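Protein chains in written order, with UniProt numbering: chain D, 1 to 213; chain V, 1 to 213. For every residue, glycine included, the Cβ atom is placed at its ideal position computed from N, Cα and C. Please read these numbers as outputs of a predicted model, since none were measured by experiment.
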DNA sequence: TAGATTGTTAATCGATTAACAATC
DNA sequence: TAGATTGTTAATCGATTAACAATC
């Protein structure tokens, strides 16, 4: 159905294009050349043209790209035109931060469930969604379609919950626990390893002070 | 002082090595070969040897690598042997999640301040650290050394706070707002763009269902 | 010792940058 | 039209994988 496969390096850049094109849209910019966009994004015109040519030919010779068309197309490629049900497992601060992040709804994600093991939280609502006990997960998953489960639980619990989720047929896990989950090939896992990110920051901070000496 | 420069691709992998070596240490594994480690990490022995040879020669012929030595060395390269003061700006759920994450202290990061603009939060404590008002930031920064500021505030406020931080001489920003901050070259910025991460997940979910057809 | 495993060079693969003919 | 800007090919750069002599 789709033509050529798009390289991982390009995929990683697509959300960033999407974000910048959204800003341009807010600023009511209708069209932009690869060169102008590259200046804004601190990228290169060459890379932008290479990237965008992975899908359809959207540019207009002598004019550039239509911001709205291009953004819609990228959104489509990223699957943002689909609607996805998201549950959050772990209703601590991190879980609630994600649950509260209304922005996600704009990208087609709907929070449909929130789970924890702490009985004190049972019934408490976040944006109209009651916190359920983890024991209810199986029943919930049978009654509702779950596309993505965000895992905001300690790493000790993450692997077993992940296994349970794949068993229930949940196709994608957004993993915030500091472990690499071992799941079958068919399950999509996206990791957000905050400690890794902080370590990279730490390294850059080190080499910065080294350079300035 | 340090020999050759280490490539970005290697740097990005170091935190992951650090994590796996920590697990091995917990399991009281003393030594491991590049081949064994590659199986655990779903990587290749060749890449591991290439990566580790960026710093000192740590391997022992016919034996492999000493887990403890190697982990310490990687920690040192990442700067985890230094102690760093961290402040969190934005005491919402995300900010509190980070403030509460005790694990960071093990890597040499100490939470020293927590700021918000909501007067209702003034004086409330998180792990013994009182929430201060953003107005107090300048005075605080003059009185205490701040190495890293985590920005867990809406994107509309992020750029101006970032400018303020750099003005105060804060060398590094851990940015959770969904904008790319425009700061001087000397400031280290590490971005955690959750929406980008979710979009990448969405893409992978799309292509998964495409493949299985 | 003999088997195991490194460090390192060479080969391959992928990603980025440069260049320019085509054309709106 | 003439200037601007694309799509795309070729050149360069960087990262990964393969191979193997050196040696504990």
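Taking a C-beta distance under 8 Å as the contact criterion, residue 174(D) and residue 190(D) qualify as a contact pair. Here residue 181(D) has 158, 159, 162, 173, 175, 189 as same chain residues with Cβ atoms under 7 Å from its own Cβ, once five neighbours each way along the sequence are excluded.
In this structure residue 93(V) does not touch residue 204(D) by the C-beta definition: roughly 27 Å separates them, more than the 8 Å allowed. Looking at the backbone, the Cα of residue 124(V) and that of residue 131(V) are separated by about 6 Å.
Around the Cβ of residue 27(V), a 10 Å sphere holds fewer than 16 other Cβ atoms; the residue is exposed. Cβ proximity to chain V below 9 Å picks out 16, 18, 19, 20, 23 from the stretch 16-34 of chain D.
If you check each beta-carbon in the stretch 187-202 of chain D against every beta-carbon of chain V, the ones closer than 8 Å belong to 188, 190, 192, 193, 194, 195, 196, 197, 198, 199, 200, 201, 202.
The alpha-carbon separation between residue 20(V) and residue 41(V) amounts to approximately 8 Å.
Close to residue 107(V), with beta-carbon spacing below 9 Å, are these residues of chain D in chain order: 195, 198, 199, 202. Around the C-beta of residue 96(V), 16 or more other C-beta atoms lie within 10 Å, and the residue is accordingly described as buried.
Those residues of the stretch 83-114 of chain D placed with their C-beta closer than 9 Å to a C-beta in chain V are 84, 86, 92, 93, 94, 95, 96, 97, 98, 99, 100, 101, 103, 104, 107, 108, 109, ordered along the chain.
Per the DSSP secondary-structure output, residue 87(V) pairs in a beta bridge with 113(V), 149(V). Close partners of residue 208(D) in chain V (Cβ separation under 9 Å): 171, 172, 186, 187, 188. Boundaries of the alpha helix (DSSP H) harbouring residue 9(V): 8-26, taken from the DSSP string. Put simply, of 98(D), 120(D), 51(D) the residue whose alpha carbon is nearest the alpha carbon of residue 112(D) is 98(D). Neighbourhood of residue 147(V) in chain D, by CB distance below 8 Å: 205, in chain order.
A Cβ-Cβ contact shorter than 8 Å links residue 58(D) with residue 73(D).
Sequence-distant partners of residue 15(D) (beyond 5 residues in either direction) whose C-beta falls short of 8 Å from its own C-beta, in its chain, are 78. In the same chain as residue 29(D), and ignoring 5 residues on each side of it, the C-beta atoms closer than 6 Å to its own belong to 67, in chain order. Legend: CB atoms of the stretch 44-64 of chain V lying less than 8 Å from CB atoms of chain D are not found in any residue. In this structure residue 84(V) touches residue 109(V) by the C-beta definition: roughly 5 Å separates them, less than 8 Å.
Residue 152(V) sits buried, since 16 or more C-beta atoms from the chains shown fall within 10 Å of its C-beta. DSSP places residue 95(D) in the uninterrupted alpha helix (DSSP H) bounded by 93-100. CA-to-CA, the gap between residue 81(V) and residue 156(V) works out to about 35 Å.
Annotated as distal: residue 141(D) and residue 115(D), with beta-carbon spacing of 8 Å or more.
Rounded to the nearest whole angstrom, the C-alpha separation of residue 195(V) and residue 102(D) is 11 Å. Assignment of residue 141(D) by DSSP, reduced to helix, strand and coil, places it in the helix class.
With its beta carbon less than 8 Å from one in chain V, residue 78(D) belongs to the interface. Listed along chain D are 200, 203, each with a C-beta nearer than 7 Å to that of residue 11(V). At least one CB of chain V lies nearer than 8 Å to the CB of residue 178(D). A straight-line Cα-Cα distance of about 20 Å links residue 5(V) and residue 198(D). In this structure, residue 71(D) lies near residue 25(D), with their beta-carbon atoms less than 8 Å apart. Around residue 17(V), the same chain offers 74 as residues with beta carbons nearer than 7 Å, after the five sequence neighbours per side are excluded. For residue 54(D) and residue 7(D), the gap between their C-alpha atoms comes out near 9 Å. Under the three-state reduction of DSSP output, residue 172(V) falls in the strand class.
In this chain, residue 133(V) is not harboured by any alpha helix (DSSP H); it is covered by the beta strand (DSSP E) spanning 129-133.
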